[in-house]
Amino acid sequence: MIFWLDDKDIHFPDPSLSEPDGLLAVGGDLQLERLLEAYQHGIFPWYDEDSPILWYAPQERFVLYPEELKLSKSLRKTIQSRKFEVKIDYDFPQVIRSCATIDRKDQDGTWIIQEMQEAYIKLHQAGYAHSIETWLEDELVGGLYGVQIGNVFCGESMFSKVADASKVALAYLAQEQGLDLIDCQIHSDHLERLGARMIPQKQYFTILQAQKL
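The sequence shown: position 145 = 138 (this note's numbering), numbered continuously.
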């Protein structure tokens, strides 16, 4: 069942009522309070310039348990070489812009439209959204960003301009930040090779509800 949101009420319907494709609700806005309400209940916005704001709560959640991260021998060598300098929240706006503009195979355009960028930069400024960045000779060459709810990191997007740059950022997130779970939201072959897997929505909500914002 798809719900239409009240512009004045930031609350969401029960996420377990989402459609098979995960779509739960339409409308509302990207104000900080509504976004926080969404993430605390396992809901996230995903849409483009040609549609209203769409809110998703997938019935199966694609997640990475930090201890299940799979690193190839070559990636381990890259990490050990300290080729990249890893920084946290050094240039969040540049990370989100890079995620929005980088060319991706079989993808025309981006869902990280200007409205989304502005909303997540505000989340970052308020201390709820974070970036893990990889730098090479003073140039940002890879990274990721997302929203953190307690010890659950809800990953939004990642980018890489140099081989392994985004993987190094993900490895740092998984190994150095004391997380219980990384929420990858939607399935990708790339993240599955790194150890991410599907879990039932109910199991994800149980983990999420144990967190404190």
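Quick reminder that beta carbons are idealized off the backbone N, C-alpha and C, glycines included.
Residue i versus residue j - alpha carbon distance
i	j	result
GLY148	ALA167	11 Å
THR127	GLY15	32 Å
PRO8	SER74	44 Å
GLY186	TYR83	Here the sequence assigns Arg to residue 186, which means Gly is not the residue at that position. Approximately 28 Å, taken between the alpha carbons.
SER201	ILE106	The sequence shown places Leu at residue 201, rather than the Ser named in the question. The alpha-carbon atoms of LEU201 and ILE106 are separated by roughly 27 Å.
ALA31	GLN204	14 Å
PRO6	LEU64	39 Å
ILE175	MET109	21 Å
ALA93	LYS195	31 Å
LEU23	GLU111	9 Å
LEU68	VAL140	26 Å
ASP182	ASP43	27 Å
GLU169	PRO38	28 Å
SER150	ILE95	11 Å
Chain-order list of residues whose beta-carbon lies under 8 Å from that of residue i (same chain, five-residue window excluded)
i	result
LEU206	LEU29, GLN33, TYR121, ILE142 and GLY143
GLY21	LEU(-2), ASP(-1), ASP0, ILE3, ARG27, ILE46 and TRP48
LEU172	PRO59, ASN144, VAL145, PHE146 and LEU166
ILE(-5)	GLU12, LEU16, LEU17, ALA18 and VAL19
VAL88	SER124, GLU126, LEU133, GLY136, LEU137, TYR138 and PHE152
ALA164	LEU62, LEU64, LEU68 and ILE72
Chain D contact for residue i (CB, 8 Å cutoff)
i	result
GLY188	Absent from the structure: chain D. Only one protein chain is present.
Contacting residues, own chain, Cβ-Cβ under 7 Å from residue i (five flanking each side not counted)
i	result
ALA158	PHE77, THR127, VAL134 and GLY135
THR71	ASP157 and VAL161
LYS80	GLU126 and TRP128
ARG90	GLN110
Same chain, Cβ closer than 6 Å to residue i, five either side skipped, listed in chain order
i	result
GLY102	Caution applies to GLY102, whose pLDDT of 47 falls short of 50 and renders its modelled position unreliable; the model cannot decide the point.
PHE85	HIS117 and SER124
HIS180	PHE55
ASP41	TRP104
ILE114	PRO86
CB-CB length for residue i against residue j, believed under 8 Å
i	j	result
GLY35	PHE198	6 Å
LEU57	CYS177	6 Å
VAL155	LEU184	Wrong, their Cβ atoms sit about 19 Å apart, outside the cutoff.
ALA119	LEU25	6 Å
Contained alpha helix (DSSP H) runs [length at least 4] in the region 71 to 152, N- to C-terminal order:
Runs found: 85 to 94 and 107 to 118.
Tell me, please, whether the region 39 to 59 touches the region 175 to 194 by the rule of three or more beta-carbon pairs shorter than 8 Å.
They touch, by the three-pair rule.
Mind pulling the beta strand (DSSP E) runs of 3 or more residues that sit fully within the region 11 to 49?
With a minimum length of 3 residues, the continuous beta strand (DSSP E) runs that stay inside the region 11 to 49 are 16 to 19 and 47 to 49.
Can you check the region 145 to 203 for any alpha helix (DSSP H) of at least 4 residues that lies completely inside it and give the ranges in chain order?
Qualifying alpha helix (DSSP H) stretches, in chain order: 158 to 169, 182 to 186 and 194 to 202.
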